[in-house]
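**Q**
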Amino acid sequence: MELGFGIDLPTSASIVIGIIVIGYFFAITAFGTYFSRFSRDINDFFFSGQRFSWWLAAASMVATGIGSYSYLKYSEQGFNTGMSSTMTYTNDWFIVPFFMFGWLPIIYFARVKSIPEYFERRFNRLARYIAVVIILSYMFFYIGYNLFTIGVALQGMFRIPILVSVPVVALFLGAYVTFGGQTAVIFTDLFQGIMLYVAGGIAIFAGIYALGGLNEWWSWLPVSHRLPFVHLTENPKFNTAGLFWGEALAGSIAFTFMNQGFIMRYLAIKSVHEGRKAALFNVVVTLPLSAVVVGAVGWIGKALVVKQAAMGGSLEGLNPIHIENTFHTFIIICWETLHQNSILFGFVVAALTAALMSTIDTLINACAAIGIYDIYKPLIKPEADDKHYLKAARWASIISTVIGVLLVIWFAQQKGSLMSIHYKGIMTIIPSIVTTIFLGAFWRRFTAAAACVSMIVGSVFTLLTNVFPNVIEPLAWFVNGPQNGIYIYMRALFGMVLTAIIGIIVTFMTSPTPKKDIAGLTIDTLDEGMRLYKGGEPNHSVGHKVRNLRFEIDDSFEERRIAVSPMIMELMLAEVGDIIYLSDARWYLGGLRSDHVKVVAPHDREADVVILSKATMEDAYLLEGRSIALEKII
Amino acid sequence: MRFGGVINLTKGATGKIVRFSSVKESDMGNNNHTNQGNGIHPLVVIPLILVVVFAFPRFLVFKLGAGNPWTSYFYQYGFGLMIFIIGIWLILKTGACDCERERDCQWFIILLAGYVFFAVMHAAWIMLALSVPYLGGI
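Protein sequences appear in the order of chains A and B.
Read in order, the letters of the first sequence correspond to residues 1 to 634 in this note's numbering.
Read in order, the letters of the second sequence correspond to residues 1001 to 1138 in this note's numbering.
Structure follows, in structure tokens:
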């Protein structure tokens, strides 16, 4: 891996940038650790108790979706192939129906804590542990990869060895994830998402300004670089056909359906309806905007280099720009277009670290969730109190961080570009489990034996394609993809097709699972899932949210039960036994002080009074004297 | 009366019972639906899909050429439409999306609008890319 990043930082600039980055580390760690007070049990620690508003979860997904590698990788891609670098961020809509009306309600109403847990309930215990191995491989790969990327960047700029910088970075982010849990992750990611966009905005504005405005940028950008799509098959490492099957299909399903970090974010939202809003916002707003933020510096760099060549020398007010290694595009263009201003550049570098922290904190929390719910609780200590599991969850976070750090040693020994390491790994790991999730959720006939056999055989054969890549060629030919021995994305399609064929064959050779055993776990049994979730018949009528209510304590009430006036019942269109979302009336808290409760028979006190027990008030973190809001969920 | 909004209670509002006579039957928890199959056998559908997967990109390349930006566009949105339609068909067939439920109906419209939004956005983008002259030579 080449060092230096194509810029020569003066010592004074290095010190300024270093102070900004370290200051940022301390600030975000303190901010995240503050939220440890909102994690009383492991449900809070991992899922924040299904309480948050869609916008809070959606905003925090911004930072989760952008890794530290994103700026470097997509700026390089943007420089080489132009605006087609946005393809991987704007091709997710095709699978949205499956997610919004299938996978999201299934896992939400089934109260699934982890994807492997779904595998046990839907199939059997063996399937669960095969899934644990694959999903942990996927997530640890991402943790190690992100840590490695930031290590490469810090080594390039400050000459700090990777094996020194990575453990220090891991120490900071491990601290707040360990103590703050999911609530800390959500709130720090919200803050870091803003940071990412602001820093990206500064870099883009400086670049466009250096070029002389938007019109200049567009006019100097080659036509091939303006297009949103790359050639269908020409470049084996980046082509439309491969990206569709490998990225839009396999990659998007993996990121949306089996990335435990994202799944936990959805499970932290107060309702399926709000989860759909978060998904909509994520696909329509966050992802396209993120594609611009991480790739635009590459597009600007290309226009700058073209204009510079046409003018016969450096542009006014800028040093000559030479990009020998395109992996350095982001750093070189930012440094030069910010006129080597170390404070602004330090802010941009802090954004790189923000991208790292916000992606890894989610993954560490997710790995810890699998460690507790799928390994520690069922296999090691099934009967223990919540306090014990909370302590174990914090240890699991520490262990996950350490494993991620250890993986950096392995990454440091790999050859090839960061992007090829990334996609080669991901496209090998995901196909079998993605297909199994899909068949399991959307085809009730799919059996446990078929799931186990297809996951094992699918994974093994996909892995073997790294040794015998030519077996992918017939499939690549069939879908008119590139046929040249380099099958980065087509490997995923191969794995998916193979897994599906094996799964279907074994399914028809084995007896189907009785419908009652998988109620609520497949798309055609969702109504049953809703009944189980509620403990009664779902109420789908859409009532009003009611704000500015007072609450009175009555300890004769059961925990998580409330009574409201007949008027409020009517406004919410609620019936006795319905699940109600009880929250502090201040919307901007995003549900930090809230809980789900059940409504009992209406009281005859004043119309704006809600009666609840002290325990319910404490569970919802409500504050005395503050008005509350109610909303019927189901 | 339109539902789904927010009511801010004030002192003056307490004690006043509001009647909502316009609540539709479908809003009142009527979530019964049936899984109506359309009778198309998988042994017909699967070969049909395979034929489309094989023939569609070849048709595009034959008509437009592999390097044409519209070839990539139609490849993505053609196959994307196929996946999308399978998803829509599945959620309707299984009753996961029940248009008799007010919210399901809204989300269904959003799903369709989302596909159109991305398809139109990318088409407009290609046209804009091709229409403005490039200053850097060939």
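From the three backbone atoms N, C-alpha and C, an ideal C-beta is built for every residue, glycine too.
#1: Using a Cβ-Cβ cut-off of 8 Å, state whether F1062(B) counts as contacting chain A.
#2: How would you label K387(A), buried or exposed, when you count the other beta carbons within 10 angstroms and need 16 or more for buried?
#3: Compute the Euclidean distance between the alpha carbons of N1030(B) and F281(A), then round it to the nearest angstrom.
#4: Cβ of D524(A) within 8 Å of Cβ of T1094(B)?
#5: In three-state terms, what does DSSP make of D584(A)?
#6: Return no unless some Cβ of chain A is closer than 8 Å to the Cβ of P1047(B).
#7: Output, in chain order, the set of chain B residues within a Cβ distance shorter than 9 Å of A643(A).
#8: Within 10 angstroms of the Cβ of A310(A), are there 16 or more other Cβ atoms? Answer buried if so, exposed if not.
#9: Is the distance from the Cβ of I660(A) to the Cβ of Q260(A) below 8 Å?
#10: Using C-beta distances below 8 Å, list every residue in its chain close to P228(A), excluding the 5 sequence neighbours before and after it, in chain order.
#11: Does the beta carbon of N146(A) come closer than 8 Å to any beta carbon on chain B?
#12: Expressed to the nearest angstrom, what Euclidean distance is found between the alpha-carbon atoms of H540(A) and F411(A)?
#13: By Cβ distance below 8 Å, which residues in the same chain neighbour E313(A) in space, the five residues on each side in sequence not counted?
#14: Under the assumption that R605(A) contacts S556(A) (Cβ atoms under 8 Å), give the Cβ distance between them as a whole number of angstroms.
#15: Give the straight-line distance between the Cα atoms of A296(A) and R550(A), rounded to the nearest whole angstrom.
#16: With distance defined between alpha-carbon atoms, name the residue in F1108(B), F1118(B), M1082(B) nearest to L1092(B).
#17: Please state whether DSSP places D1027(B) in a helix, a strand or coil.
#18: DSSP three-state label for V471(A), please.
#19: Which term fits E618(A), buried or exposed, when burial requires 16 or more other beta carbons within 10 angstroms of its beta carbon?
#20: When you measure from the CB of E247(A) to every non-hydrogen atom of the ligand GDP, does any distance come out below 7 Å?
#21: Can you pull the DSSP bridge partners for V597(A)?
#22: Grouping DSSP H, G and I as helix and E and B as strand, with all else coil, what is I1110(B)?
#23: Measuring alpha carbon to alpha carbon, tell me which of Y34(A), K424(A), P382(A) ends up nearest Y487(A).
#24: List the residues that DSSP assigns as beta-bridge partners of A248(A).
#25: Excluding the five sequence neighbours on either side, which residues of its own chain have a C-beta within less than 6 Å of the C-beta of G251(A), listed in chain order?
#26: Looking at the C-beta of R276(A), does it have a partner C-beta in chain B at a distance below 8 Å?
#27: With contact counted as at least three CB pairs below 8 Å, one residue from each stretch, are the region 324 to 331 of chain A and the region 58 to 76 of chain A in contact?
#28: Could you name the residues that DSSP lists as bridge partners for L612(A)?
#29: Quick one: is E618(A) near chain B, going by C-beta distance under 8 Å?
#30: Do I409(A) and P116(A) have their C-beta atoms closer together than 8 Å?
#31: Going straight from the alpha carbon of K515(A) to that of E528(A), what length do you get?
#32: Whole angstroms are fine: how far does the CA of I562(A) sit from the CA of N1032(B)?
#33: Let me check understanding here. Comparing Cα to Cα, which of M569(A), N146(A), T81(A) lies closest to P236(A)?
#34: I want to know whether the region 386 to 404 of chain A touches the region 214 to 222 of chain A - three or more CB-CB distances under 8 Å.
#35: Starting from V1132(B), find everything on chain A with Cβ-Cβ shorter than 7 Å and list it in chain order.
#36: Along the chain, where does the alpha helix (DSSP H) that runs through E120(A) open and close?
**A** So, to answer that:
#1: no
#2: exposed
#3: For N1030(B), the predicted model reports a pLDDT of 40, less than 50, meaning its position is unreliable; a value from the coordinates is still stated below. C-alpha separation (whole angstroms): 29 Å.
#4: yes
#5: strand
#6: no
#7: Nothing about residue 643(A) can be read from this structure; chain A reaches only from 1 to 634.
#8: exposed
#9: Coverage of chain A is limited to positions 1 through 634, which leaves residue 660(A) absent and any answer about it impossible.
#10: M83, S84, T86, M87, T90
#11: no
#12: 50 Å
#13: The sequence shown places Gly at residue 313(A), not Glu. Cβ within range, chain order: P320.
#14: Contact doesn't hold; Cβ gap of about 14 Å is too wide.
#15: 50 Å
#16: F1108(B)
#17: Bear in mind that the predicted position of D1027(B) carries a pLDDT of just 38, short of 50, making it unreliable; the figure below should be weighed with that in mind. D1027(B): helix per DSSP, three-state reduction.
#18: helix
#19: exposed
#20: For the ligand GDP, the structure offers nothing, since it holds no ligand at all.
#21: I580(A)
#22: helix
#23: K424(A)
#24: According to DSSP, A248(A) bridges with nothing at all.
#25: none
#26: yes
#27: yes
#28: I553(A), I562(A)
#29: no
#30: no
#31: 11 Å
#32: Annotation note: pLDDT 42 at N1032(B) (below 50); position unreliable, coordinate value reported separately. Rounded to the nearest angstrom, the two C-alpha atoms are 29 Å apart.
#33: T81(A)
#34: no
#35: W218, S219
#36: 115 to 122
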